[in-house]
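Following: one structure in structure tokens, then a few remarks.
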Amino acid sequence: MNQTGTPVIENDALLSEDYFQKMLIHERKRTERFGRPFMLIMLDVGRLVEKRREANDILFQNLALAVNSSTREIDLKGWYMRDKLIGILCPEFSRADKNWILEKLGQKLAAYLEPDEAAAIKIFCLFYPDIEEKNARGAKDIDIDELHPEWRGFFQS
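So the sequence shown is numbered by my numbering: it starts at 324 and just counts up by one.
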């Protein structure tokens, strides 16, 4: 957040890591109070970013365009871990609702990125309060422990 309290937007409409994590904690607290579940989609873009160090601005713009064009306005999109994981926080989302957003996200990634780039992105879904699912596309070769926000401290108040 800047000095006026406005969220810091990076790379064409992705929230900064600090602000995204604060909003994630805020949404977890809201879920605990009111019982409205949320879905957290994680895009592992680390390998893709490493491959394209010289073209990150274009890559980040295309990733942001794909993410923003495939999600709702109320969904928060930002860096969960800078240059490694993009998070999409979908309030009031349940397991039953996930397929349409994952399908749309896959289509948009394919439209804005080269085929090999889109294929390099691993996608995970985490549900709160029921965090256990680790599959969307190729989740097996990523260390899931690192993706559980409560294990990393982001869900702790």
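For every residue, glycine included, the Cβ atom is placed at its ideal position computed from N, Cα and C.
Tell me residue i's beta-bridge partners as DSSP assigns them.
{"i": "residue 414", "result": "361"}
{"i": "residue 404", "result": "408"}
{"i": "residue 447", "result": "365"}
Closer than 8 angstroms, CB to CB, is residue i near chain D or not?
{"i": "residue 384", "result": "Chain labels in this structure do not include chain D; a single protein chain is all it has."}
Note down, in chain order, each residue of its chain lying with its Cβ closer than 7 angstroms to the Cβ of residue i, except the 5 sequence neighbours on either side.
{"i": "residue 443", "result": "370 and 371"}
{"i": "residue 361", "result": "350, 354, 412, 413, 414, 415, 416 and 451"}
Between residue i and residue j, what straight-line distance do the alpha-carbon atoms span, to the nearest angstrom?
{"i": "residue 342", "j": "residue 412", "result": "12 angstroms"}
{"i": "residue 394", "j": "residue 428", "result": "8 angstroms"}
{"i": "residue 350", "j": "residue 403", "result": "14 angstroms"}
{"i": "residue 363", "j": "residue 400", "result": "10 angstroms"}
{"i": "residue 414", "j": "residue 445", "result": "21 angstroms"}
{"i": "residue 435", "j": "residue 388", "result": "7 angstroms"}
{"i": "residue 333", "j": "residue 339", "result": "Note on residue 333: pLDDT 42, under 50, position unreliable in the model; no value is reported."}
{"i": "residue 310", "j": "residue 348", "result": "No answer is possible for residue 310: it lies beyond the span of the chain, which begins at 324 and ends at 480."}
{"i": "residue 384", "j": "residue 368", "result": "13 angstroms"}
{"i": "residue 438", "j": "residue 390", "result": "16 angstroms"}
{"i": "residue 407", "j": "residue 380", "result": "15 angstroms"}
Can you find the residues in the same chain that come closer than 8 angstroms, C-beta to C-beta, to residue i, ignoring five residues on each side of it along the sequence?
{"i": "residue 433", "result": "441"}
So, for residue i: in the same chain, excluding its five sequence neighbours on each side, which residues have a beta-carbon less than 6 angstroms away from its beta-carbon?
{"i": "residue 396", "result": "none"}
{"i": "residue 449", "result": "363"}
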